[in-house]
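Right, one structure below, let's go through it.
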Amino acid sequence: MSSPVTQGSAPGESGHLSAIRFGAGDVAPREPRRRRVPAMGLIILLVVATFSGWLSQLGASNEITYVDRAYPVGATVQHKEADLRVDSIDAATTVNEQPTDGLFLIVGLTLANTRGTDGVSIGHYELVTPDGVTYSASTVSAPRVQPGFRESFRLPVVVDPARLEGLRLRLFDTPTYTVSEPRETVDLGIDAADAERLRASANRAVEIETSTPEGIR
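The numbering used here runs 8 ahead of the 1-based position in the sequence shown.
This is the structure in structure tokens:
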């Protein structure tokens, strides 16, 4: 005698339960997981694309905000993990056998790594006149100072001899994708008499040696 076929199932079907038999006819079948994965991946791609577009727009428009801090003559400049002090100001027409038609203003500096856990250096040095003319400095002689050490060095900058009065030293690092970047400016204290003295003493050649680190006591 053959068994009757139960309504809601078909002969030969196994592992299938009818939702109608259990009174759950109004419950929608659960969406398979494999269909949701592409949707989540699409969301992630949209987020990444949006963020990348924002970075590209920021980089293209150079929208870096500088936080400027000014220091008076003789003050110690605090730049991130480092402290910097202006020690001396001299002038020459030739530095390391390289002559110039203008004038080398040679700024003596001491850079101390007082707060860092890694070596520190400053990416850019420049001199700025009161009316905004800038003279970029070569950083060949600028050191990278390890934690707990300081180094004294001399920074030569080619400037217009007629624009010495009121010069300021400005220092900052290469801008990155940050909201703001610190930029410090220190007054060199060059008045009219100092400018004349520097021009009068500039006709000489100077050799700038490599700096050596010294422990901070």
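Beta carbons: idealized from backbone N, C-alpha and C, even for Gly.
- For L206, the enclosing alpha helix (DSSP H) starts and ends at A200 to A208.
- For the pair L177 and V194, the CB atoms are nearer than the 8 Å cut-off.
- If you draw a straight line from the Cα of I130 to the Cα of G140, it is about 21 Å long.
- Annotation: T125 to D91 spans about 14 Å, alpha carbon to alpha carbon.
- Going by beta carbons, S149 and R162 fall inside the 8 Å limit.
- Beta-carbon to beta-carbon, L113 and L135 are separated by about 7 Å, close enough to satisfy the 8 Å threshold.
- Taking all protein chains shown into account, Y133 has 16 or more neighbouring C-beta atoms within 10 Å of its C-beta and is therefore buried.
- Residues of the same chain with a CB within less than 6 Å of the CB of R171, apart from the 5 flanking positions on each side, are T137 in chain order.
- For the 8 Å CB-CB criterion, R207 and V75 do not form a contact.
- Here the alpha carbons of V166 and T218 stand approximately 19 Å from one another.
- When DSSP states are grouped into helix, strand and coil, P169 belongs to the helix group.
- A99 places its beta carbon 8 Å or farther from that of A201.
- With contacts defined by Cβ atoms closer than 8 Å, I216 and V103 form a contacting pair.
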